[in-house]
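Novice: Numbering (this note's numbering), first residue to last: 615 to 708. My structure is below; once you've seen it, I'll send some questions.
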């Protein structure tokens, strides 16, 4: 029997994950995504999350650039639940 995910931990590996982070393309390049991400990271720090992870599909070059610009680094390449090739990014928070 699997455990439910907690507020800051994924039930599979106990790391904090961002499952979906979307900004409408008409707002790209205005800093709004970085502002929202900074607010999320502050909240995760309040919850004592040591780091945060996310997966980016290989063909999502704009997404990869956004995460790298905001301090995230690739820690491994793998496949997601649907079999898509992704890179897993991580950023230390504490």
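The C-beta atom is built at its ideal place from N, Cα and C for all residues, glycine as well.
(1) For residue 646 and residue 704, I'd like the C-alpha separation in whole angstroms.
(2) Could you work out which residue in 638, 706 and 672 is closest to residue 692 when comparing CA atoms only?
(3) Quick check: residue 667 and residue 702, are their CB atoms within less than 8 Å of each other?
(4) State the DSSP-derived secondary structure class of residue 563, mapped to helix, strand or coil.
(5) Going by beta carbon distance, what residues of the same chain come within less than 7 Å of residue 684, once the five residues before and after it are set aside?
(6) Which of the three DSSP states is assigned to residue 668 in this structure?
(7) Would you list the residues sitting across from residue 631 in a DSSP beta bridge?
(8) What is the residue span of the alpha helix (DSSP H) that residue 646 lies within?
(9) Just the C-alpha distance for residue 674 and residue 665, rounded to the nearest angstrom, thanks.
(10) Looking at residue 663: is its Cβ nearer than 8 Å to the Cβ of residue 634?
Specialist: The short version:
(1) The straight-line gap separating the alpha-carbon atoms of residue 646 and residue 704 is approximately 21 Å.
(2) 672
(3) yes
(4) No answer is possible for residue 563: the residues shown for the chain start at 615 and end at 708.
(5) Hits under 7 Å: 648 and 651.
(6) strand
(7) 667
(8) Per DSSP, residue 646 belongs to the alpha helix (DSSP H) from 646-660.
(9) The alpha-carbon of residue 674 is positioned some 22 Å away from that of residue 665.
(10) no
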